[in-house]
Amino acid sequence: MDDPVAEATPALQALLGGDLLEVTLLTLFVSGSATVISLVIGLPIGTWLALARFRSRGFALSVVNTGMALPPVVVGLFVAFTLWRSGPLGSLNLIYTPTAMIIAEVIIAAPIVIGLTVAALGQLDPRLRLQLLGLGASRLQMVWWLWREARLPLLAALMAAFGSVISEVGAAMMVGGNIRHQTRVLTTSIVLETGKGEFAAAVGLGIVLLALAFLVNAVLTQAQQRGPGR
Amino acid sequence: MTHEADAGVAAPLVELRDLVVRRGARTVLDVDRLAIDRGETLAVVGPNGAGKSTLLLVLARLIDPEGGTLLFRGSPVERGAELAFRRRIGLVLADPLLLGASVLTNVASGLRFRGVPDAEARTRAQTWMERLGIAHLRDRPARQVSSGEGQRAALARAFVLEPDLLLLDEPFASVDPATRTKLLDDLDDLLRATRVACVMVTHDLDEAVRVGDRLAVLLDGRVRQEGAPEAVLAAPVDAEVAAFVGTETRLPGRVVASGDGLATVEVGDHLIQAVSSLERGGRVLACLRPEDVTIWADPGAGGGPAPGGEAGRPPGPAGPGRDAGTAPVSSARNHLPGRITRLVSDGPLLRVTVDCGVPVVATITRVSATDMHLAEGGAVIATFKASAVHLIHLAT
C-alpha cells in the first residue's frame, strides 16, 4: 500500500502537522476545567439537596432534573446573548474566548453533577447518617464518609458530566466561534472539516476525540472499581 | 410513674425533662421525666410506633424536640455543645449499618471521628473485636459478614469508644433467635463488666427483662410505668400496660369484701380472692399472668393436675391412675371450673384459654397436656393463688 500520509488530504496533513495537538489540548483544558468547576459547585449543592429537608425540595429537584436535559445549543445561545458586546455582560469581553466556553459548559455539566449526586446519596440507607452522627462524627466528617460510601455512583456522575461537555458542539460553537488557535476544539473542528468536505480529517478528529474520552473514563473507572478498601 | 428521687443522691447521669416531640399535628412523645443513673441499664419497652426510637434519638441529641431539656451530669446540653455530648455517647441502631470497608475499619471509625490516631484506633478496635468474639473478621469486607457478626461489630464499634452512655435501638431485631440469645448473654456480661450506663429500646419484653436493671413501659409516647422488671410485670399500673407486659387474664370486677390483707372480688359469676388492701365497692381489673394459673383436669373427667408454669411446684397427687371425683389438691385459694376454648402452641409450652364464664389464660407444658388428654372443649379447673392476682383500681 502507498504511504497513507501522502494519500491523506491536505486538510488532514495540516491537522496532523500542528493544529491537532493544539486543538486537543484546548479541548482537554476547556472540558476538564468545566468538569472540575461543576464538581466543586455541584457536589456540595447536590449533597445539601440530598440531606436537607425543606418545603420546596421537590420543586428544586425538578428544576435540577430538567437542567440535566438542557440542550447544549440552547445554553450556548443564552450565554452568547449575555456575553455579546451588546449584551448585559458585554463589557467583560468574554465572547469568543475559552472562558466563555467554560462558562457555558459548566451550566451544562453542573445540573448533571447535582442531580446524580442527589441520586447517589439518596440510595444510601437514611439511617446511616444518624448512625455516623451517633458515633461522634461532625457534620463534615459525616458528609465525607457518606461520599466515600457513595463513591461508585459519584464517580459515575463525574464521568457523565465530563462526557456531556467533551462531546457537545452547540454551545462551543455559539460562544466560542470556532476561531483557529483560540477557541477551536475537537467537536467544532469536526463540524468545520465536514462542512468543507474534508471527510478524512473529520474522521481522524473523531477518532482522536473518542480516544480522549476513552482514556479519561478508563482512569476514572479504575478509581471507581477499586475494591472496598482497607 | 414511679422513680426513686432522693434529695441527698447525686444528679442522674442523663435526664430528660418535660419532653415533647411532635410530628406534624401528632404528639409522638410526651415524657415528664426520664433519668438514667451511672452504671444502670434502662430498658424501654413498647409496641412499634410507641415512640421508642424517637426517644433514643432525642437522648442522642439527634432530634430537636419541640419542648423539654436534656441534662447531662446535671447541666443542659446547649446548642453548639451537641457534638461534644455526642462524643461521650455510643449509638447502635437496629441494623449494623456498616460502611463498605473492612470490619476493623468500621469498628475503629468512631475513634477516628474523635481524632484518635489511626494505629491506636486499630489496636483498640482489635481488642474489642476479641472481646466480642469477632477478631477473626478483622480484614473481612464488612458487606460479607452475617447479621449476627455485623451486630457484634456494631456493638464493638460503640463499646470501643468507652462512652458514658450507650444507646441501643432494638439491637437484636434483625438477628435470628439462637444468635440473639448468645448476643444477649454477651451484651449482659459486657454491661456488667464495663458498668457503662445504657438505654436499650426494644419491643421484646424478654430482652428487656433479661438485660434491664429498670424497665420503662412506653405506650403512645408516654411512659406509663417505670420500675424493677419483676415489679412492673407483677403489678402493671393500668389495663394497657397489663396487656403489653403479658398479663393475659384481665377480668373486670368489683371488690365485695375486704379484710386481713385479702380482698374478695366479684368477677362474672365467681368470687376470687386477691392479696390487696383495696376497699369494698371499688371497681377493679383483676390481672393474672398465664404462668401463675394452673390447669387441672376436671375431677368428673379423671386425670391429674398439670404442673403449670410455676417453677418448682411439687407435682400434685396426680397420675394416670387417679380416681375420678377427687378435687385438685392445691394451696391456691381460687378454683374456677370451665371449658377449654383454645389450645395454642407457644414454643415449648402450650397456651390454654379457658372459659370459666370469664376468660382465663394459662400456660402448661406439652407433657402435662398430653398426660391429662387436654383438648378443646374439655372440662378443666383453673387454679391460682391470691398472691398472683394483681388488682388495678379503675376509676369509679
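Heads up: the sequence lines are chains A and B, in that order. The numbering of the first sequence is the working numbering, which starts it at -16 and goes up by one. The numbering of the second sequence is the working numbering, which starts it at 143 and goes up by one. We put the CB at the ideal spot given by N, CA and C, even for glycine.
Asked                                                                                                                                                               : Found
Any idea which residues DSSP pairs B:H535 with across the strands?                                                                                                  : B:V426
DSSP beta-bridge partners for B:D311?                                                                                                                               : B:V343
Cα separation between A:G144 and A:L26?                                                                                                                             : Per the sequence presented here, residue 144 of chain A reads as Ala, with Gly not at that position. Looking at the two C-alpha atoms, the distance is approximately 12 Å.
Smallest Cα separation from B:C498: which of B:L303, B:G480 and B:S487?                                                                                             : B:G480
Nearest to B:H124 by alpha carbon, out of B:V502, B:R431 and B:T336?                                                                                                : The question about residue 124 of chain B has no answer here: the residues shown for chain B are numbered 143 through 538.
Quick one: complete alpha helix (DSSP H) runs, 4+ long, within the region 48 to 88 of chain A?                                                                      : 55 to 66
Figure out for me which residue from A:V62, A:V89, A:L44 and A:R209 has the closest Cα to the Cα of A:R134.                                                         : A:R209
How would you call B:V302, buried or exposed, if buried means at least 16 neighbouring beta carbons within 10 angstroms?                                            : buried
Taking the C-alpha atoms as reference points, what is the distance between B:G458 and B:D513?                                                                       : For B:G458, the predicted structure reports a pLDDT of 43, less than 50, and the residue's modelled location is therefore unreliable. A value from the coordinates is still provided. For B:G458 and B:D513, the distance between alpha carbons rounds to 13 Å.
Of the residues A:G15, A:A183 and A:R163, which one's Cα is nearest the Cα of A:Y79?                                                                                : A:R163
What does a CB cutoff of less than 6 Å around B:R484 pick up in its chain, not counting 5 residues either side in sequence?                                         : T495
Go ahead and pull the three-state DSSP assignment for A:Q165.                                                                                                       : coil
Checking the sheet assignment: what are the DSSP bridge partners for B:S487?                                                                                        : B:L492
For B:T344, I'd like the list of residues in its chain whose CB is within less than 7 Å of its CB, leaving aside the five on either flank, ordered along the chain. : A185, V187, E312 and A350
Using a Cβ cut-off of 7 Å, pull out every chain B residue sitting near A:Q124, in sequence order please.                                                            : F255
Short of 7 Å in beta carbon distance, which residues of its chain neighbour B:G395, apart from the five on each side in sequence? Order them along the chain.       : V407, E408, V409, V426 and A428
Cβ of A:S121 less than 9 Å from any chain B Cβ?                                                                                                                     : yes
Along chain B, which residues have their Cβ under 7 Å away from the Cβ of A:Q114?                                                                                   : L233, L235 and L239
Looking at the C-beta of A:R209, does it have a partner C-beta in chain B at a distance below 9 Å?                                                                  : no
Would you give the residue range spanned by the alpha helix (DSSP H) that A:P27 belongs to?                                                                         : L3 to L34
Check B:F526 in the structure and name its three-state DSSP category.                                                                                               : strand
For B:S223 and B:A243, what's the separation of their Cα atoms in angstroms?                                                                                        : Going by the sequence as given, residue 223 of chain B is Ala instead of Ser. Distance between the alpha carbons of B:A223 and B:A243 is about 30 Å.
For a test of the three-state rule: what should DSSP assign to B:S419, helix, strand or coil?                                                                       : coil
Could you tell me whether any Cβ in chain A is nearer than 9 Å to the Cβ of B:R508?                                                                                 : no
Please state if the CB of A:S150 and the CB of A:V89 are separated by a distance shorter than 9 Å.                                                                  : no
Note down, in chain order, every chain B residue with its Cβ under 8 Å from the Cβ of A:L104.                                                                       : Going along chain B, no residue has its Cβ under 8 Å from A:L104, so there is no contact; the nearest lies around 14 Å.
Indicate whether at least one CB of chain B lies closer than 9 Å to the CB of A:D108.                                                                               : yes
Rounded to whole angstroms, what is the Cα-Cα separation between B:A524 and B:P432?                                                                                 : 11 Å
Is it true that the CB of A:L9 sits closer than 9 Å to the CB of A:M157?                                                                                            : no
Suppose you measure from the CA of B:V531 to the CA of B:L360; what does that come to, to the nearest Å?                                                            : 23 Å
Would A:L138 count as contacting chain B if we go by Cβ distances under 9 Å?                                                                                        : no
Among B:V353, B:R273, B:S419 and B:V163, whose alpha-carbon lies nearest the alpha-carbon of B:D174?                                                                : B:V163
Output the distance between the C-alpha atoms of B:L430 and B:T391, rounded to the nearest integer angstrom.                                                        : 5 Å
Report, in whole angstroms, the separation of the C-beta atoms of B:V200 and B:L307, which I expect to be a contact under 8 Å.                                      : B:V200 to B:L307, Cβ: 13 Å. No contact.
Is there contact between the region 111 to 129 of chain A and the region 52 to 68 of chain A, where contact requires at least three CB pairs shorter than 8 Å?      : no
Taking CB distances under 9 Å as the criterion, tell me whether B:A202 reaches chain A.                                                                             : yes
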